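A.B. asks: Below: one structure in C-alpha cells.
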Amino acid sequence: MLMNVQPPVHFDHARCTRCALCEEICPRHVPETTVVGGQRVPRVNPKRAELCIRCGHCVAICPRGAVRMDGISAGEHSPSRSPAVEPGALQELFTTRRSVRRFKDAPVTRDHIDRVVTAALSAPSAAGSTSRGIITVTDPTALDRMMREIHRTYEGLMRALGSTVGRFFVRRYVGPRRFRAVTSFVQPALRWYLRWYREGERDEISRGAPAVMVFHGPIDEPSIDETCMVMATHGMLMATAIGVGSLMNGMIPPACNQNREVRDLIGIPEGHEAYISLCLGYPRYQFRKTIRRPSGSARYV
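Numbering (numbering that gives the first Met the number 0), first residue to last: 0 to 300.
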C-alpha cells in the first residue's frame, strides 16, 4: 500500500540545473528526474518518499543550492573542504590515544564537554538516525547518586550469579555470548569493585570520573548499538585531541537500563536504551611511552 508521506526534500526549480546529482547520490533513490512540459525536473518519487533517512546527501551534493531539507536551515550549510587533518597526524592520534582511568579532582570545562558532544553528534549513523542522544552527567550529587544505584544493581547481579537458578535466568536474559563475557571478564573484577565501593575506598566502575556521557537511542532502530559506539569513538578521539582523558565504559549502560531510578535521574527517554558510555576527566598522570601492542590481524583478499 502506498503511504501518504510528506517528503522532507524540496527543490528550487529556478536554481536547478537538472544535473541529477541528487538522484545519483541518494542511497535510497528518493529524488528522481522526470519530464514535465518537455523539461527534465527533479522531484521526490512518491512511492519512495517514506524511504528517506534524512542523510542530507542531496543537499550536500547540489552545486547550486537548489535542494532543501526540512529541519536543516540554509545557514547550516557550509562549503565542503578537503580534509583538515594531515593523515600522519591523524594516525599519530590513533596510535598514542590511551584509555584514562585515573582523573584529576577537577571538573571538565563546559567548552571541552561541548567539543566532545559536537564531535560525537557528527558521527555517521547506521540509519540516518536523528533520534540518538547523549546525556552528560557532571553534577556531583547526581553523579554520586547514579553510581550508587549502579553499584546496587551490580550487587544484585552478583547475588544472582551466586546461585544455579540465578545463573540460568541471567544467561537466558543476556544470551549465551554475553553471559560468557559476564562470567569470564566482568564477574572476576566486579567482586573487587563492589568490595572497594562498599568499604568506601574507590569507585572502579566510573573510575571516579567527574563527567560521564551516556549514549542512547531507540530500541527498535536498526544497528543503534553500533551507531552509539561510533558516536562514542568520535567523542573519545576529540577528547584526546583537546587534552581530556576518556574511557569507553560498557558497564554503566546495562545498569542504567535496568535501574528505574537511574533512568529517571538522568532522563533516558521511554523506548530508548543506553548502549555505551564515556568517562571523562583530566588525566592525573601522563603516559611517557607509546606502547606498540599486538592489535589483531589484517588480511587482503
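Heads up, the beta-carbon is just placed ideally off N, CA and C, and yes, glycines get one too.
Computed from a predicted structure; not experimentally measured.
For I275, collect the residues of the same chain with a Cβ closer than 7 Å to its Cβ; drop the 5 residues on either side in sequence, then sort them by chain order.
C.D. replies: F214, C227, M228, A231, M247, G249 and P252
A.B. asks: Quick one: is A254 buried, meaning 16 or more other Cβ sit within 10 Å of its Cβ, or exposed?
C.D. replies: buried
A.B. asks: Note the first and the last residue of the continuous alpha helix (DSSP H) segment covering P86.
C.D. replies: P86 to T95
A.B. asks: With distance defined between alpha-carbon atoms, name the residue in S124, T137, F10 and S121 nearest to R39.
C.D. replies: Answer by Cα proximity: F10.
A.B. asks: Report buried or exposed for T289, applying the criterion of at least 16 other Cβ atoms within 10 angstroms of its Cβ.
C.D. replies: Exposed: under 16 other Cβ atoms inside 10 Å.
A.B. asks: Which of the three DSSP states, helix, strand or coil, is assigned to M235?
C.D. replies: M235: helix per DSSP, three-state reduction.
A.B. asks: CA-CA distance, S222 and S124?
C.D. replies: 8 Å
A.B. asks: Could you give the residue range of the alpha helix (DSSP H) that holds H56?
C.D. replies: H56 to I60
A.B. asks: Just list the beta strand (DSSP E) runs in the region 91 to 172, keeping only unbroken ones of 3 residues or longer that don't cross its boundaries, in chain order.
C.D. replies: 132 to 136
A.B. asks: A119 to P293, Cα distance in whole Å?
C.D. replies: C-alpha separation (whole angstroms): 27 Å.
A.B. asks: Between the beta-carbon of V169 and the beta-carbon of V185, is there less than 9 Å?
C.D. replies: no
A.B. asks: Spell out a yes or no on whether the region 133 to 143 and the region 256 to 265 are touching, meaning 3 or more CB-CB pairs, one atom from each, closer than 8 Å.
C.D. replies: When C-beta atoms of the region 133 to 143 are compared with those of the region 256 to 265, three or more pairs fall below 8 Å, so the two segments count as touching.
A.B. asks: Could you spell out where the alpha helix (DSSP H) holding L193 opens and where it closes?
C.D. replies: Q186 to R197
A.B. asks: Residue range of the alpha helix (DSSP H) that Q257 falls in?
C.D. replies: I251 to Q257
A.B. asks: Could you work out which residue in V261, I241, S296 and H271 is closest to D110 when comparing CA atoms only?
C.D. replies: I241
A.B. asks: Only counting the same chain, and skipping five residues up and downstream in sequence, which positions put a Cβ closer than 6 Å to that of V261?
C.D. replies: M145, E148 and C255
A.B. asks: State the beta-bridge partners of S245 as determined by DSSP.
C.D. replies: According to DSSP, S245 bridges with L279.
A.B. asks: For Q38, which residues does DSSP report across the bridge?
C.D. replies: In the DSSP output, where bridge partners are listed per residue, Q38 has V35.
A.B. asks: Is C25 a contact residue of the ligand COA, with contact defined as CB to any heavy atom under 8 Å?
C.D. replies: The model depicted lacks the ligand COA and carries no ligand whatsoever.
A.B. asks: If we count Cβ pairs, one from each stretch, closer than 8 Å, do we get three or more for the region 28 to 45 versus the region 82 to 98?
C.D. replies: no
A.B. asks: My guess is that V115 and A238 are in contact by the Cβ rule of under 8 Å, so how many angstroms apart are they, rounded?
C.D. replies: 5 Å
A.B. asks: Spatial neighbours of T220 within its chain, please: C-beta separation below 7 Å, excluding the five flanking residues on both sides.
C.D. replies: Strictly speaking, residue 220 in this sequence is Glu, with Thr absent from that position. Contacts found: A126, S128 and S130.
A.B. asks: Could you tell me whether the region 9 to 27 touches the region 50 to 57, using the rule of 3 or more Cβ pairs below 8 Å?
C.D. replies: yes
A.B. asks: Can you look up R67 in the DSSP assignment and give me helix, strand or coil?
C.D. replies: Reduced to three states, the DSSP call for R67 is strand.
A.B. asks: With a Cβ-Cβ cutoff of 9 Å, do R190 and M157 count as a contact?
C.D. replies: In this structure, M157 lies closer than 9 Å to R190 by Cβ.
A.B. asks: Report back the beta-carbon spacing between H233 and S162 to the nearest angstrom; my notes put them in contact at under 8 Å.
C.D. replies: 41 Å between Cβ atoms; not a contact.
A.B. asks: Take the Cβ of H56 as the centre, count every other Cβ of all protein chains shown within 10 Å, and call the residue buried at 16 or more, exposed below.
C.D. replies: buried
A.B. asks: Alpha carbon to alpha carbon, how far is T135 from M212?
C.D. replies: Answer to the nearest angstrom: the Cα atoms are 4 Å apart.
A.B. asks: Between which residues of its own chain and T108 is the CB-CB distance below 7 Å, once the five residues before and five after are set aside?
C.D. replies: none
A.B. asks: Output the boundary residues of the alpha helix (DSSP H) element that contains M178.
C.D. replies: The residue asked about is misnamed: residue 178 is Phe in this sequence, not Met. Its alpha helix (DSSP H) spans residues P175 to A180.
A.B. asks: Give the straight-line distance between the Cα atoms of R166 and T152, rounded to the nearest whole angstrom.
C.D. replies: 16 Å
A.B. asks: Between which two residues does the beta strand (DSSP E) containing G207 stretch?
C.D. replies: Neither: G207 is in no beta strand (DSSP E) and is coded neither H nor E.
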